[in-house]
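Protein chains in written order, with the numbering used here: chain A, 2 to 305; chain B, 3 to 230; chain C, 3 to 116; chain D, 6 to 1052. Built from N, CA and C at the ideal position, the CB exists for glycine as well. The structure presented is a predicted model; accordingly, all values stated were derived computationally and were not measured. The structure appears below as structure tokens.
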Amino acid sequence: MDFKPIQILYALWSFSIILNIGLVLQGIVRKIGARVGRRYGIRFYQPYIDIVKNYSLRSSITHGVMFYLGPVFRLTGGMGVYFFTPIIYGSVYFGNFSFAGDIVLVLYFIFFGSLGMALGAGEGGHPYSAIGVGRGLAQVTAAEIPLVMAIIGVAMHYESLSVTEIVAAQQGGIMNWTLMTNPLITILGLIAFLGAMMRSPFDVVLAPQEIPIGPPTEYHSSFLGVMQTNRSVFPMAKTVLFVNIFFGGATNWAAMILKIFLLYMWPVVVGVVFPRFRVDQSIRWWYKYALPLGVVAILVTQYF
Amino acid sequence: MVKQLFIIITLVFLVIMLLPLMTEVKPFEDLSLVSQKYVNAGPDELGSQNLVTAVVVTYRGLDTLGEVAVLFIATAGIGFFLRKKAVEEKDMKSKASVLVRTGTALLLPLILLLGVYIFLHGHLTPGGGFQGGVVIASGILLLMLAQSDIKINISLLYWIESLSGAFYVIIGILGLALAGGFLDNRFLPLGDFGRLFSAGAIPIIYSLIGLKVGAELVGILNNMQRSQ
Amino acid sequence: MLIITVLGIILVVLGLWGMLTQKNIIKIIIGFSIMDTGTHLLIVSIGYIKDRTAPIMDKAVGNASQVIDPVPSALVLTAIVIGLAVTALMLTYAIKLFEIRKSLDINDFKELKW
Amino acid sequence: MVNPIYIFIIALGVGFLLSLFEKAGKILTMTVFYSALAIMTFISGQWLIALIRGTEIMTLTTAGFPPPFSINLRMGLEEAFFTFFINSLGILAGIFLAPKFRSEKVYGMVLYLMMFMGMNGLVMTRDMFNLFVFMEITSVATVSLIAIDRNLKSVSAGFKYVIASGLASTFFLLGTIFLYRFTGLLNIEMMAEALNYASGQAVFLSVFILLISIIIELKPFPANGWALDVYEAADCGVVSVIAAGVSAAMLYVFIKISALLNQNLMITAAGIGTVTFLFSNLLALKQDNARRLLGYSSIGQIGLIYSAFSFFRLAGFTPGDQTVLLVVGGLFVNHFFAKAGLFWLAGIVKKDKSDEWAGLRSSPLLLFAFAVFILALAGLPPFPGFFAKWQLVMVLSAKGMFPAIGFILLGSFLEAIYLFRWLGKVLKTDPFEPIKIKPWEAFPVAVYLLAIILTGGFLSGIINQGSSLSVLYLPVLFVIVLFMLDFLPVLVKNSLVIVVFSYYTFRIMPQLSGYRIMFGIIFLLGGILLFIPGYIKKGRRLGFYPLAVMMYVGLAGLLLSENTLQFFTSWELMTLGSYFLIIRGKKSEPHALSYMLFSMGGAFVMLLGFGVLYHVNGHLLELATLARIPDMTGIIYSLLTLGFLTKMASIGLHIWLPGAHGEAETDVSPMVSAILLKAGMFGMVVLMSAIPAVKIGFIDIPYVLGWLGAITIFLGNLLAIYQEDAKRLLAYSSVGNLGYVLFGLALMSHLGWLTSITYALNHFLFKAMLFLAIGGVVYRVGTKNMYEMGGLIKNMPISFISVLIGIIALSGVPPLSGFAGKWLTYNAILQKGWYLQGAVVIIGGLIAFLYCFRLIYAVFLGQIKDRNRQVKEAPLALLIPQVILMIAIMVFSVLPGAVLRPVGKFLENIFPAGGLNWQAGTAFTEYGYWNGYWIMMVTGGMFMMVLIWLLFIDRKAQKVKQFNIVYAAERPFRPETTHVGYNFFAHYRKALGSLSRPYVTKFWDTLTDITHSSADFIRKLYNGNGQTYIFHILLFVVVVYFISFGG
């Protein structure tokens, strides 16, 4: 796994694909959400318009370099998660930088963004941003419980932490997917996915009603653009990760896009059906239901 | 009452504990190893007719020196303790009856003489320095009872007490230097067995003890009387 | 001489009884004296040998088999004097206590505890 | 050589004549008096030296007859030893009492002289009845002197004393006379020999009565109320003689008559001694009167000494055996010097309540003396009590007498509680009244202070394998030199310490091998680095440098230790040094106490562990023998582990840590947190590398430790997020971090240990940096509450950066070095198969993000408070080490292999399989792979790209004030109101609050309460009535008799 400079270009190409998928999906999902709520909703290409608009705006005031760090960390976090995950199994072009680390790296990179965002938001000096960040972090730490346990479970199951190896083990038909070979872990993973996607009922940070000025809206213009980019890439990166470890990965883009789309629909469906939790309720929920489930899943994986 | 009961129970248990001393211990059938030697060799070695005196003054002389010291300490302690208080004269006014006063005048010389006799003959007959000293002190006590306003010459007491004590120690050292060991009485000739001037330094030691004990007891009485 | 041994122990116990039950300090000291005396009796009783006489080797006493053990006699002498000294000291304490508090009840002197 | 009989001759002669000298004037009298004492000391001192050099023992016969026909005395090594100490006390206490003697009648001096004559007699005589006479001489003189003040308290105490000692001597007389009846002898040795052939209940009863009378004189629990009253009421000079001198003489009487005792009575004596030690110390817990406290302690110490002697006899040692001399002598000397010194101090301070002794602080000498005496009593090195106790435990262990050790250690622990409580109060109570120091009062204290230090050094050399302690001599000497140089300013001392310490490190490091190098880097290099912040202090900083160095001496000693003695001594030195560092904080007193108590408790458990090791390993001290324990592995392992875990602050044993680390001074917090905690880890590494697997029954101990580590991580981190105090937050975070270390070690695999060691190094780097940075903030802002800070980023940018890097490293977010630890943890967990524990570990790690964010946000981000606007960057002395640590973290992050490869290499000696495979910069396990360099490059690349682009497009943006914000369509009124800091994670508390309830604290509190209330209940026994005390004595006699003879 030697590094070749050309890999940077490969990675950028892969990044542009996923960005587009993300933007489109975002638009579609918002449309679905609106239709369920009996509203007309936006056009599905609205995210493109937004992102272009935001990138072309310029900020005239700044709170200092630290203020910049929020979006930068955020995007780096999102991109990092994506870049350290191999996308298409067996493809030299879409392996990204996964040679630098395994699934643990990806897992911890998820936090990189959150923490950095929190820092940047803190520098903004808005009291509500601190409250929002506090809530967000609290929620994330709780929501990662099943994620961590699911990843331990998967690693136990395949005796590997390498995403590539995990995908390799699932090749050769749906019956080899983790979904089939270890459904309990997959259920755990899907619950974790709900938390990871930050959608209702766990959508605390982004809830505009509760935090009038939550982190995303504190940043405007190109900062917001950066954040929006991340909002497209980051969920996609996570989805790709889940596809890889639970649903057999993909050997080509078509399969990958299909799987991403289907998996992405899962939190969307849950989100439109269930109302939002309060933060402490949500934390308690993760500890009360997800944690025992995780314990059961790990025990089952270990002994059966 | 509960407390009394506890005390009784404890004492009963104490008696039970001490029972073997009464049941198992028989008196000596014969002299012990040590006393056999004292009885057999004592008269020849030390020249003292009274073996108890021989044991007290020489064989176990250190005990006796210690004993003198204890008495001395007690005197000093009492003197130290009962600081001079202004004597309340009115208490001292009450005089003893004529009978007592006359009797005292009559008996005092005899008592003192008896005391001196007892300690001088300590190595010959029952008695000795302590007994003699106590008899002397009892004479002075009688005097104090008879004439409650009497002033004892304290500094004389000090002199007697200190010097007799010091001489006792010096005699001990002489024993160490000239004879077998500290308090050995044999640095003086043993003399004829059964005579007053016999048994080496024993009569001297006993005389000193007698003086010292007498002076100390008088001192104690004096202190106690004055502090009342 | 068992009777004297028993008597000695009775005196010791009696003295202790007095020390434990009497409230008056002087009486406690008297109890102590009684106990002391009991001890002295015990010492004397130890040295006694039946049908023998005092260890004074004058003409009346011919040989060693006729005298009692001189050692306990010598010891008791020392013990008595020491007992005297201790009793005198105790009495002095009693005087001083009375001087300070004008009381001789042992229950009145409980400033120091725990 | 002067005949020892002259001791008596001089005393008696001068005593008898002193009242005549008085006529010639007070000065002459006093001259004669002191010369007499001096001559007595000289005679016994001369004999002591001669006998040590090998002169023959002198047997003195009186009256020119050999024993048993006359009284004989003996001057042997023991006698010379005891008389010399007693007579030296005579001189010093005499000097202390000089004003009293001058103002009192001459009788005071006479009594004093007689008292010492009596004590000499008690020691030297070999005749039973003569013993009685000297006993009476001593007690009559003592009783007379007790009332030297003639006030109500001392007189009523003296009366109780005279009655009690009268009773005791009556018993003694009874015993003696009946023994004479059975043996026909009064000479002690011959009597003992004759008793071998005697039989019958009455014989043993007589011996029992004799023994019990001496024990009563030694003040056994509970028949000791009379003695306690005297300790409380009499003049301090006199009490020092009673507590040290008279007790010493009686102790030797006990040793002498122990020749008469059979097995059964020996057990009785040992039992009484142990019970006395235990209960005296228990009751002392509730005591607030300083002198009564010392009284309890004296009684306890004496109990310990004679029980130790009895245990030795039971274990088959002869009284003259060198070990017995060493232990009993060591304990005795320790008690003797310390107690005499403390009573003198009581006389100087003139305060009844032990809380009011802070006046000692007005004199450095006396304060130092006080601390030394307290530490000596608590049994810490380098004082004689420590070495004696060590040897005692080892010898008893060798004979398998573990219950005895248990009681002794429990008693010692109780003792430590009140001693350190007292020390803490003296060191910290404010304000205090300065005391007036008179030279004749300070002189004796200074002499015994010197004596106790010297005997400590002497004893350390002669105990079993004591020569191995010589590695500590030079460093400890340096500590002493620092004490002497304490008058210099901080600047000089700090530089001196850094230079000497660097040189020492330079000398030591090459001697280390294996994992010790790793710890050497943390302990020594880290130590040097953390002295740099010391430059921020002004003035002299009295006492800081010697004690800080002492802590490092201990740590270095641990690294160099080859045997358990070295290990334990170093451990205690380290504890001692760190205690004094911790207590320097303004509000540290209760926390330092709890630190010390946990440390002492842990150390005693550890000592027991070493004892068991000594027992099973054929009486060897070498640490290497840990690897070949034939038996009782589980017990040794658990005991040692428990000891080490108290220092590592695992959950349950952690409650001392937050306060101790949080309240410590700015530059002390990083020392104790980043460095000191690793000492516990070092112990665990030593232990675990020697014993690979251990089970008690079905319980696999490392497995238990694994769970303990995991729970520690979870709860430690959870508690950290609720803290309002920045330093406490970091302290709780240390609890959690050390949980990782424990967990990694417990995995008992190559990867586990690699994790643990990586984590330890990382923890050192980031925790030192964080504590320095936060310390700097606290130093500038003047509060530790995070909600009173905020927005300091512009004022303190460098501190901000180091906190930023610190928390990223701490939370394990890539690309910094913390991630190495996390990645290794995952792999190690998977390799070991501890999935559930692993999950707890990782969830605990997630929670760490919360407090990390809170720390940086609440302190540096958000809105600045008005009163903090003028705050400057932390002083340079604090920043320099931070920058160094920052560089170290970056290097470690980019090139993790530089550290992990060598560590892995030596770990192969312990765990040959399962290590990391390296291909260039990538580390592989059977599960995953990781390349620190490329992670850094990729992350850095992305990061810089986006950042530079943003900077570029917004280059024309105008910089506005931080407060230039609008939210919810309003402009905020004041910056204060817009900074959210208090109860930051309220929702977490709502959800998981039940886990943060102080169950552990409550547990320890309850335990403390129970101990204290039982102490309070039992001490009601001493109702102050002299008559009741007599009853106690009698009841004691009867009960002991029926217990030991069964009726």
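Task: CB of residue 608 of chain D within 9 angstroms of CB of residue 695 of chain D, strictly - done: no
Task: Cβ-based burial, residue 426 of chain D [other Cβ within 10 Å; buried from 16] - done: buried
- [ ] Note down, in chain order, every chain D residue with its Cβ under 8 angstroms from the Cβ of residue 51 of chain C.
- [x] The premise fails here: residue 51 of chain C is roughly 12 angstroms from chain D at the closest Cβ pair, so nothing lies under 8 angstroms.
Task: Whole runs of the alpha helix (DSSP H) within the region 49-76 of chain B, excluding any shorter than 4 residues - done: none
- [ ] Could you check which residue in A:28, A:134, A:174 and A:103 has the C-alpha nearest to that of residue 269 of chain A?
- [x] The shortest CA-to-CA distance from residue 269 of chain A to any of A:28, A:134, A:174 and A:103 is the one to A:28.
Task: Cα-Cα separation between residue 675 of chain D and residue 773 of chain D, rounded to whole angstroms - done: 5 angstroms
Open item on the list: Quick check: the region 418-432 of chain D against the region 313-329 of chain D, are at least 3 beta-carbon pairs closer than 8 angstroms?
Closed with: no
Task: Residue ranges of each alpha helix (DSSP H) within the region 47-82 of chain A, 4 or longer - done: 47-57
Task: the ligand MN heavy atom lying under 8 angstroms from the CB of residue 115 of chain C - done: As far as ligands go, the structure on display features none, and thus does not contain the ligand MN.
Open item on the list: Considering Cα atoms alone, identify which of D:240, D:345 and D:98 is closest to residue 162 of chain D.
Closed with: With distances taken between Cα atoms, residue 162 of chain D lies closest to D:240.
TODO: Verify the CB distance criterion: does residue 63 of chain A have a CB-CB separation below 9 angstroms to chain D?
DONE: For residue 63 of chain A, the nearest beta carbon of chain D is closer than 9 angstroms to its own beta carbon.
- [ ] Reducing DSSP to helix, strand and coil, say where residue 870 of chain D ends up.
- [x] DSSP, reduced to helix, strand and coil, places residue 870 of chain D outside both helices and strands of the structure shown, so it counts as coil.
Task: Test item: CB-CB of residue 118 of chain A and residue 72 of chain A under 9 angstroms - done: yes
Task: Member of B:134, B:14, B:165 and B:40 whose CA lies at the smallest distance from the CA of residue 17 of chain D - done: B:165
Task: residue 173 of chain A versus A:150, A:249 and A:109, residue with shortest Cα-Cα distance - done: A:249
Task: Contact under 9 angstroms by Cβ, residue 269 of chain D with residue 191 of chain D - done: no
Open item on the list: Please tell me whether residue 81 of chain C and residue 70 of chain C are closer than 9 angstroms, where the distance is taken between their beta carbons.
Closed with: no
Open item on the list: Along the chain, where does the alpha helix (DSSP H) containing residue 758 of chain D start, and where does it finish?
Closed with: Counted as a single uninterrupted DSSP element, the alpha helix (DSSP H) harbouring residue 758 of chain D occupies residues 755-786.
Open item on the list: Against chain A, does residue 719 of chain D count as a neighbour if the rule is that its beta carbon must be under 9 angstroms from one of theirs?
Closed with: no
Task: Where the alpha helix (DSSP H) through residue 112 of chain B begins and ends - done: 100-122
TODO: Go ahead and pull the three-state DSSP assignment for residue 208 of chain A.
DONE: Note on residue 208 of chain A: pLDDT 41, under 50, position unreliable in the model; the coordinate value appears next. Coil at residue 208 of chain A, not helix or strand.
Open item on the list: Excluding the 5 residues flanking residue 282 of chain D on each side, which residues of the same chain have their C-beta closer than 6 angstroms to its C-beta?
Closed with: 305, 308, 309 and 416
TODO: Per DSSP, which residues does residue 627 of chain D bridge with? Please list them.
DONE: D:568
Task: Proximity of residue 921 of chain D and residue 756 of chain D at Cβ, strictly below 9 angstroms - done: It is a contact, given that the beta carbons lie within the stated cut-off.
Task: Reduced DSSP category for residue 725 of chain D - H, G, I as helix; E, B as strand; rest coil - done: helix
- [ ] Using the Cα positions of residue 1063 of chain D and residue 148 of chain D, report the straight-line distance between them to the nearest angstrom.
- [x] Given that chain D is displayed from residue 6 to residue 1052, the structure contains no residue 1063 of chain D and the question cannot be resolved.
Open item on the list: Would residue 728 of chain D pass as an interface residue toward chain A - the criterion being a Cβ-Cβ separation below 9 angstroms?
Closed with: False, the Cβ-Cβ gap to chain A never drops below 9 angstroms.
Task: Among D:564, D:376 and D:715, nearest to residue 747 of chain D - alpha-carbon criterion - done: D:715
Task: Identified DSSP bridge partners for residue 700 of chain D - done: D:705
TODO: Mind checking which residues open and close the alpha helix (DSSP H) that includes residue 427 of chain D?
DONE: 407-433
- [ ] Could you please tell me which residues of the region 145-170 of chain D, in chain order, have their CB closer than 9 angstroms to any CB of chain C?
- [x] 145, 148, 149, 152, 155, 156, 157, 158, 160, 161, 162, 163, 164, 165, 167, 168 and 170
Task: Cross-chain neighbours of residue 41 of chain C in chain B, by beta carbon under 8 angstroms - done: Neighbours of residue 41 of chain C in chain B, taken as residues whose beta carbon is under 8 angstroms from its own, are absent, since the nearest beta carbon is some 12 angstroms off.
Task: residue 80 of chain D in three-state terms, based on DSSP - done: strand
TODO: Mind listing the chain D neighbours of residue 12 of chain B? Cutoff is C-beta to C-beta under 8 angstroms, in chain order.
DONE: Chain-order list of chain D residues neighbouring residue 12 of chain B: 1036, 1039, 1040 and 1043, by C-beta distance under 8 angstroms.
TODO: Compute the Euclidean distance between the alpha carbons of residue 45 of chain D and residue 316 of chain D, then round it to the nearest angstrom.
DONE: 33 angstroms
TODO: Tell me whether residue 577 of chain D is buried or exposed, calling it buried when 16 or more other Cβ atoms sit within 10 Å of its Cβ.
DONE: It is buried - the Cβ of residue 577 of chain D has at least 16 other Cβ atoms within 10 Å.
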